[in-house]
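What follows is a set of notes on a single structure, which appears directly below.
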Amino acid sequence: MKVAFVLGTSTGGTARHVRMLAAGCVARGVAAEVFGPARTDRDFAFGATASFTPVEIAGRPRVPGDLRAIRRLHRLIAAWRPDVVHAHGLRAGALTAIAVAFVRPTVYAARPALVVTVHNAPAAGGTTGAVYRVLELIVARRADSVLCVSPDLEARMRAAGARRVARALVPAAGVSAETRAAGPPPGADVAAGAGSDVGAAAGAGADVGAGAGRPVVLAVGRLAVQKGFGTLLDAAARWAELRPPPIVVIAGEGPLEAGLKSQAARLGLDARFPGHRDDVPALLAAAAVFVLPSVWEGQPLILQEALRAGVPVVATRAGGTPELTGEDAALLVPAGDAGRLAAAVRSVLTDDVLAARLRRAAAARGRALPDADDAVSAALSEYGRLAGSRPRQPR
């Protein structure tokens, strides 16, 4: 079998997921090519796991650039003749759908089957929302299979007329099936992270200002509107009376960095913004509570890491988050509600019994999450089902 993966500009989870799938295909003897922006290859080193060919798919609609991308995708797909093309994201999916539609079947090769994974909720309202609605309809009408990262996206794509809709598995990287099944090593303190290095956790905690018994309230993600970090800062202003006072740590980079720092200063908060971190597991192990205040999420990788680390979790009831955590492994609150968020975090910080229960439930939930092997197996099963049903041109 031959599989072509297509993605647009990505700075995070989508690119990591595609890299994982491509590497998994190659490891199982499936030929894999990846088509996407050259910068995405530079950032994520696809060439180390599969063949990569640049196709510039921008993050925003640009008619001349989009037409060039469609023509290039068409030439590449028609020349290589994959059995399946798997595009990721609505924009990449719609452009790929148009390109694949112009690939004619031959007596030797069928037109490739098209799979599209929808990773994010489309923008609501305005011109951008209207454009994404068109992209959504193109994907729904042209894709042979649409995989979605959350139940709300599944409902949207079914309503748009998609012929087959299923759940995408998007696991966090770095945990094998054996490690997941084994859980924390004997004697490990789940509160310090399942199997985490205590020294590394202490060093990470000191690096972000933790010390003298002050609890760390940790959030990690792109500093963008979707992540809801402004709501977290508003919530933090409501637990100022706690002793010892918590330290809010928001790790990540993004366009809202200056605004969030200004908001924290205006509220008089002890908040740290350490930027991009490569030691997130150590940060999780040093945290008293992990907070995911997002407006919307699919299957957030950082939440999966927090669950596997056995950290108490407070999150918003948004997108695919409740399905990941269940009702026992996190305190779930409405998105955008700073009061409810503040109360949930305060309860974890002041109730040792609750915090211990959440740690145990998070670790158990983390062990049950799918891993990379599960995701690759599910994808290959979908590819095999679709590829076997493609008609060739009659002789």
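Numbering (my numbering), first residue to last: 1 to 395.
Note that CB positions come from ideal geometry on N, CA and C, so glycine has one too.
Quantities reported herein were computed from a predicted structural model and do not represent experimental measurements.
Between the alpha carbons of E297 and G93 lies a gap of roughly 19 Å. If you keep only unbroken alpha helix (DSSP H) runs of at least 4 residues inside the region 36 to 121, you get 38 to 44, 63 to 80, 90 to 101. Within the region 233 to 273, the alpha helix (DSSP H) runs of at least 4 residues that lie entirely inside it are, in chain order, 257 to 267.
Per DSSP, the beta-bridge partners of R167 are C148. Per the C-alpha coordinates, the member of A224, R163, A240 positioned closest to V217 is A240. Here DSSP, grouped into helix, strand and coil, assigns V6 to strand. Collapsing the DSSP output to three states places G129 in a helix.
Separation of the CB atoms of V248 and A236 is rounded to 5 Å, and the pair is thereby assigned contact status at 8 Å. When A361, V149, G89 are compared, the shortest CA-CA separation from T321 is found for V149. Taking C-beta separations shorter than 8 Å and ignoring five residues to either side along the sequence, the partners of S294 in its chain run G221, Q226, K227, G228, P300, A315, T316, A318, G319, T321, A335, following chain order.
The residue among A130, S145, G36, L21 with its C-alpha nearest the C-alpha of R385 is S145. Counting along the chain, the unbroken alpha helix (DSSP H) around A387 starts and ends at 372 to 387. Just so you know, the alpha carbons of A79 and V85 end up roughly 13 Å apart. By the 16-neighbour rule on beta-carbons within 10 angstroms, P64 is exposed.
Non-local C-beta neighbours of A22 in its own chain, meaning closer than 6 Å and more than five positions away in sequence, comprise F5, A32, V34, T49, A50, ordered along the chain. In this structure, V291 and L349 do not form a Cβ contact; the two beta carbons are roughly 11 Å apart against a cut-off of 8 Å. Note that the region 110 to 129 does not touch the region 268 to 276; fewer than 3 beta-carbon pairs, one per stretch, sit closer than 8 Å. Proximity to V115 across A45, L223, P82 peaks at P82, based on C-alpha coordinates. Per DSSP, the beta bridge partners of V291 are V314. In this chain, L223 is not harboured by any beta strand (DSSP E), its DSSP state being neither H nor E. Going by C-alpha positions, A27 is about 19 Å away from D41.
DSSP places L331 in the strand class (E or B) of the three-state scheme. Sequence-distant partners of A387 (beyond 5 residues in either direction) whose C-beta falls short of 7 Å from its own C-beta, in its chain, are M1, D83, V84, A113.
For P105 and R111, the gap between their C-alpha atoms comes out near 5 Å. Between I57 and A69, the gap from beta carbon to beta carbon is short of 8 Å. Going by DSSP, P281 is part of the alpha helix (DSSP H) stretching over 280 to 286. Boundaries of the alpha helix (DSSP H) around A23: 13 to 27.
For G366, the enclosing alpha helix (DSSP H) covers residues 352 to 368.
Apart from the 5 residues on each side of it in sequence, G254 sits with its Cβ closer than 7 Å to the Cβ of R222, L223, A224 in its chain, given in chain order. Exclusion of the five residues before and after A143 leaves G93, A97, L114, V115, V116, A162 as the residues of its chain whose Cβ lies within less than 7 Å of its Cβ.
Taking C-beta atoms under 8 Å as the contact rule, R214 and P245 qualify, at a distance of about 6 Å. Cβ neighbours of E154 within its own chain (closer than 6 Å, five residues either side excluded): C148, V165. Around L90, the same chain offers V118, P122, Y132, L135, E136, V139 as residues with beta carbons nearer than 7 Å, after the five sequence neighbours per side are excluded.
Taking the Cα of D278 as reference, the smallest distance to any Cα among A251, A287, A258 is reached at A251. For A31, the three-state secondary structure derived from DSSP is strand.
Cβ contact annotation for D66 (same chain, cutoff 7 Å, sequence separation greater than five): L95, in chain order.
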